[in-house]
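Asker:
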Amino acid sequence: MAKKYIYKYTEGDGKNKMLLGGKGANLCEMTQIGLRVPPGFVISTEACLDYIANNRLPDGVMDDVRAHMAWLEKETGKQFGGAGNPLLVSVRSGSSMSMPGMMDTILNLGLNETTLAGLIKLTGNERFGYDAYRRFIQLFGKIALGVDDHHFDEHFEAVKRRAGVKVDLGLSANDLKDIGQLFLKVVQEQTGRPFPQDPYEQLELAIKAVFGSWMGQRAVDYRREFKITPDQANGTAVNIVTMVFGNMGNDCSTGVGFTRDPGTGENVMYGEYLVNAQGEDVVAGIRTPKPVLEMKNEMPDLFRQLVELRNKLEGHYHEVQDYEYTIEKGVLYCLQTRNGKMNAAAMVRSSVEMANEGLINREKALLRIDPESLEQMMFPQLDPKHKVAPAAQGMGASPGASSGKIVFDADTAVKRGRGANEKIILVREETKPEDIHGFFAAVGILTSRGGKTSHAAVVARGMGKPCVVGAEDINVNVHQRQAVIGDVVLHEGDIVTIDGGSGRVYLGEVPTVEPEFTPELRTLLGWADEIATLKVMANADTPDAAQRASNYGAMGIGLCRTERMFNAKERLPIVLEMILAETTEDREAALAKLLPMQRSDFKEILRVMAPRPVTIRLLDPPIHEFLPSEQTLVDDIEHLRHLRQTAQGLEAISQILAQANPKAVEQLGILNDSHLVSDVLAKKEEILQKARALHEINPMLGHRGVRLGLTYPEIYKMQIRAVLEAAAECIQEKVNVHPEIMVPQVCTKEELMRVRALVDEVLPEVEAKYAVKVHFEFGTMMEVVRACLRSEEIAEVAEFFSFGTNDLTQATFSFSREDAENKFLPFYNSAGILKDNPFEALDTKGVGQLMSFAVTNGRKTRSGLKVGICGEQGGHPRSMRFCHYANLTYVSCSSPRVPIARLAAAHAKLLEGNYQP
Ligand code: PEP
Ligand code: MG
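This is the structure in structure tokens:
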């Protein structure tokens, strides 16, 4: 039996989106649950893949299409190509993942000179008929015959000028008739053939064009950017749907809606409609439509039907829907529905509200939100205290505030945004699907036309980029590369700020502030915490960062790197003193100056986090990292020598010095000690000698971490004392703190035992000094392969493990992140040699195996062993599923990723049943 490629809406399986595409599957489902959908059928994605593979339609498909058209003629009582009651169809694309505007759709197919006459006679509406014809010729010409839009647009604008009208609606039937004839000529000129009059020829060309658009540049780019893989969407289906008309008169209309407000998630009727118009007018932003609530007064009965449709859609799909409808002579048809693309704030609010309304359960409320999307809710907002007056007001289409330099086309946005790394706001009258690359490169989008469901709004919302649309006070002139607001003329490169929440546009840069959690996000993450078993900690090195992590709901600090504290400006001279020290006594003297500074940092962090745990890691990097590079030192010395020869007096030289290289001078604290160039030079020479002595062939694998701590025990002792004294002071002040001391780069149990001995030496001194008992935990980083292999004995000393998967990944692959990412990793990924970047997504098959081995064996020794991960992969949702599976206790990630990780931890629990590492 021949393969089945075609399914009527009355028979297709509404769940099979891979086969029928999202649109086709939903049209089947809506038909089958009794919603009013124009009759039609869908040609499957399999036919598309065959077409692309063989460059021709599969055998028998066109015969089957004819048979289905005959069925459609019977269903509708119309004839395809007939003059009496002509059947017109739309030919629509639709893959299993929604890719708004990326593939092609043709409307009014079946029109030719004969059917046009029939249509006009039937409707008694000449203007409508000619309008439909000219739209069809242009759309078909562009999509199926490859004729560029501008050939049509020139004629269209010329007729508009001739008729003296500004808007399309001002054109008369005769104008439109002329336009149709001009368009037919355009097609003849551009293709060398007359416009096809045979409706079946039209249909076949249209089907091929829609199938072909799957491999079109736009669609390919979009899939690459959004990482849509063939197992998510493979080929587009083609829907052949009976045309219904929203442009037959004033009892007709067309509209799009969301079952909830996609900007905020609020449970309200949301959408826009246009009376006497076709769907593309709304989406293309050519006319600014009316808010749906106006329909309540204008067409109350239809409004009631629309509310009913909306409720049925949500009640059936248990998900916010983005739907399109047409009202033809008072009858409401639903043309399409799909899950609504909303920004993260709206997803969160609608999740919480749908769960509270009983429409979905809490699990679904959590699972319908992509954890990564919460990053959008961390977008800056305009500082509420700013006093800048807005220059223009549009509609807020996608929230968040951003400032950037304006550009007027997508290519320039890419050149400046991606190429020159500038912050760009893309400014257009309206956007089209071919502008998509400009969206990726911009930090915000601003249009002067179109509504909240225009292309710009939909795409920006999907990407979570701030967007303002319909700012009609702005006159955008792309050709002159300027935008005029009142008497202000803005040129390319001028800075504006847009607020995608309020729709306001400001000249210049307006200050922004960190966002606050919405109450719904708090609720949702509270539900996530109740379900998740994996805890979420933060990597934070300063009291400020700890406070931020705490605000985001971190359950503790999993990694406090202490080296960054050494890098503070006023501390570097002391660190330098420590490095230059020739004797242990001199080194201890320098360390004694650092002690109170570290103690007060630790105290603040412990206090902010109390009573949650704070894991403080002893010094990790090699100490030469705190010195300027050898090259800088050599250059400085040469420069100084040169100055000494040419300048006039020592006083003058030191002034020049301070100006010549203030940073190096200040950084090394030299000028405070001496104004004599010879002293400065001598010091520099000394530092250079030290830098040379400390030089390592391979510093990442060199004298660092615990190896440094054991060769210079006074450094670790100072840090251990700082932690314990900070805790003791908090305890004295009745603050319930939980410090943990963590040792980096451990390979052997012996190393850990020796550091533990240092702790045991310092502890009684601290306890005696403060007269309190200090409770703490002692553990190790697991970032060396040997430590993972010897975890069973390491757990005899370590009370917790924390996987440092940055180093562990480097060690397992034997390549470093920087070299890999700059040199060969992009090639490895695109050539499919490695699927992911292992420094972003945990390599579960290699590094993960080491982790699992270490967890299992570590817990043989210490059954309750606490195990975490603090490498970059710790905040990556997919990697977290592995961490959950491998029975880790917690993940630790940077503060802004904490909300993402809290949701991902709940996902990991909810989806544990179907996880494969
Ligand atoms: C690690 O190696 O994963 C880690 C957290 O340590 P660092 O990144 O500081 O080397
Ligand atoms: Mg490390």
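Numbering (the UniProt record's numbering), first residue to last: 1 to 917. Backbone N, C-alpha and C define an ideal beta-carbon position, used for all residues, glycine too. Remember, it's a predicted structure, so these values are computed and weren't measured experimentally.
Does the segment 230-244 come into contact with the segment 260-272, if we say contact requires no fewer than three beta-carbon pairs (one atom in each stretch) closer than 8 Å?
Answerer: Touching, no, given that fewer than three Cβ pairs across the two stretches are closer than 8 Å.
Asker: Using DSSP's beta-bridge definition, name the partner residues of Glu328.
Answerer: The partner list for Glu328 (beta bridge, DSSP) reads Val331.
Asker: Please find out if some non-hydrogen atom of the ligand PEP comes closer than 6 Å to the beta-carbon of Asn806.
Answerer: Asn806: yes, Cβ under 6 Å from the ligand PEP.
Asker: Taking 7 Å as the CB-CB limit, is Gln810 close to chain D?
Answerer: Of the protein chains in this structure there is only one, and it is not chain D.
Asker: Looking at the ligand MG, does it come within less than 6 Å of Glu563, judged from the CB to the closest heavy atom?
Answerer: No; taking the cut-off as 6 Å, the Cβ of Glu563 has no heavy atom of the ligand MG nearer than that.
Asker: Kindly indicate which three-state DSSP category Gln232 falls into: helix, strand or coil?
Answerer: Of the three classes helix, strand and coil, the one that applies to Gln232 here is coil, per DSSP.
Asker: Can you tell me where the beta strand (DSSP E) with His738 in it begins and where it stops?
Answerer: Where His738 is concerned, the enclosing beta strand (DSSP E) stretches over His738 to Val743.
Asker: Roughly how many angstroms lie between the CA atoms of Gln631 and Arg704, to the nearest whole one?
Answerer: Roughly 22 Å between the two C-alpha positions.
Asker: Beta-carbon within less than 6 Å of Leu145's beta-carbon, same chain only, minus the 5 sequence neighbours each way: which residues are those?
Answerer: Answer for Leu145: Thr191, listed in chain order.
Asker: Out of Pro230, Pro39, Gly556 and Arg641, which has the shortest C-alpha to C-alpha gap to Lys535?
Answerer: Lys535 has its Cα closest to that of Gly556, out of Pro230, Pro39, Gly556 and Arg641.
Asker: If you draw a straight line from the C-alpha of Ser96 to the C-alpha of Asn174, how long is it?
Answerer: Approximately 42 Å between the Cα atoms of the pair.
Asker: Taking 7 Å as the cut-off, decide whether the C-beta atoms of Asn250 and Arg92 are in contact.
Answerer: No, they are not a contact pair.
Asker: Look up Lys432 in the DSSP assignment and give the residues it is bridged to.
Answerer: Lys432 is not bridged to any residue.
Asker: Does DSSP put Gly246 in a helix, in a strand, or in coil?
Answerer: DSSP places Gly246 in coil when its eight states are reduced to three.
Asker: Under 6 Å Cβ to Cβ from Thr861, same chain only, skipping five residues before and after it: list those, please.
Answerer: Taken in chain order, the residues that qualify are Glu792, Ala795 and Glu796.
Asker: Please state whether the Cβ-Cβ distance between Ser98 and Gly22 is less than 7 Å.
Answerer: Yes, the pair counts as a contact, with Cβ atoms nearer than the cut-off.
Asker: Reducing DSSP to helix, strand and coil, say where Val186 ends up.
Answerer: It is helical.
Asker: Nearest CA to the CA of Pro519: which residue from Glu696, Val187, Met243 and Ser350?
Answerer: The shortest C-alpha separation from Pro519 is found at Ser350.
Asker: Could you check the C-alpha separation between Tyr7 and Gly40 for me, to the nearest Å?
Answerer: So the two alpha carbons sit approximately 9 Å from each other.
Asker: Cα-Cα, which of Met781, Lys773 and Glu767 is closest to Leu752?
Answerer: Considering only alpha carbons, the answer is Met781.
Asker: Give every residue of the same chain whose Cβ lies closer than 7 Å to the Cβ of Val489, excluding the five residues on either side of it in the sequence, and list them in chain order.
Answerer: Answer for Val489: Gln482, listed in chain order.
Asker: Since I believe Ala901 is in contact with Gln873 (beta carbons under 8 Å), could you give me their beta-carbon distance rounded to a whole number of angstroms?
Answerer: Contact flag wrong, Cβ pair sits at about 11 Å.
Asker: Can you check which of these residues, Val468, Arg416 and Met578, is closest to Asp494 by C-alpha distance?
Answerer: Selected option, being the one with the closest Cα: Arg416.
Asker: If you measure between the beta carbons of Thr431 and Ala392, is that distance less than 7 Å?
Answerer: It is not a contact, given that the beta carbons lie outside the stated cut-off.
Asker: Taking all protein chains shown into account, do 16 or more other C-beta atoms lie within 10 angstroms of the C-beta of Ser892, making it buried, or fewer, making it exposed?
Answerer: Looking at its Cβ environment, which holds 16 or more other Cβ atoms inside 10 Å, Ser892 is buried.
Asker: Is the beta carbon of Gln321 less than 7 Å from the beta carbon of Thr254?
Answerer: Taking 7 Å as the Cβ cut-off, Gln321 and Thr254 do not qualify as a contacting pair.
Asker: Mapping DSSP to helix, strand and coil, what is His491?
Answerer: His491 falls in the strand class under three-state DSSP.
Asker: Per DSSP, what are the beta-bridge partners of Thr512 in this structure?
Answerer: In DSSP, Thr512 forms a bridge with Leu382.
Asker: Tell me the rounded alpha-carbon separation between Ile120 and Val165.
Answerer: Those two C-alpha atoms are separated by around 24 Å.
Asker: I'd like to confirm the pairing. Which residues does DSSP put opposite Phe41 in its beta bridges?
Answerer: According to DSSP, which records beta bridges pairwise, Phe41 is partnered with Lys8 and Ile240.
Asker: Are the beta-carbon atoms of Val348 and Leu524 separated by less than 7 Å?
Answerer: In contact: Val348 and Leu524 (Cβ atoms closer than 7 Å).
Asker: Check for me: the alpha helix (DSSP H) holding Tyr222 runs from which residue to which?
Answerer: Gln217 to Glu225 is the extent of the alpha helix (DSSP H) around Tyr222.
Asker: Give the range of the alpha helix (DSSP H) segment to which Met99 is assigned.
Answerer: Run containing Met99: none; DSSP gives neither H nor E here.
Asker: Do the CB positions of Tyr273 and Pro262 come within less than 7 Å of each other?
Answerer: Taking 7 Å as the Cβ cut-off, Tyr273 and Pro262 do not qualify as a contacting pair.
Asker: Does the separation of the CB atoms of Arg134 and Phe211 fall below 7 Å?
Answerer: The answer is no: Cβ separation not under 7 Å.
Asker: Starting from Tyr506, follow its DSSP beta bridges and name the residues at the other end.
Answerer: The partner list for Tyr506 (beta bridge, DSSP) reads Thr497.
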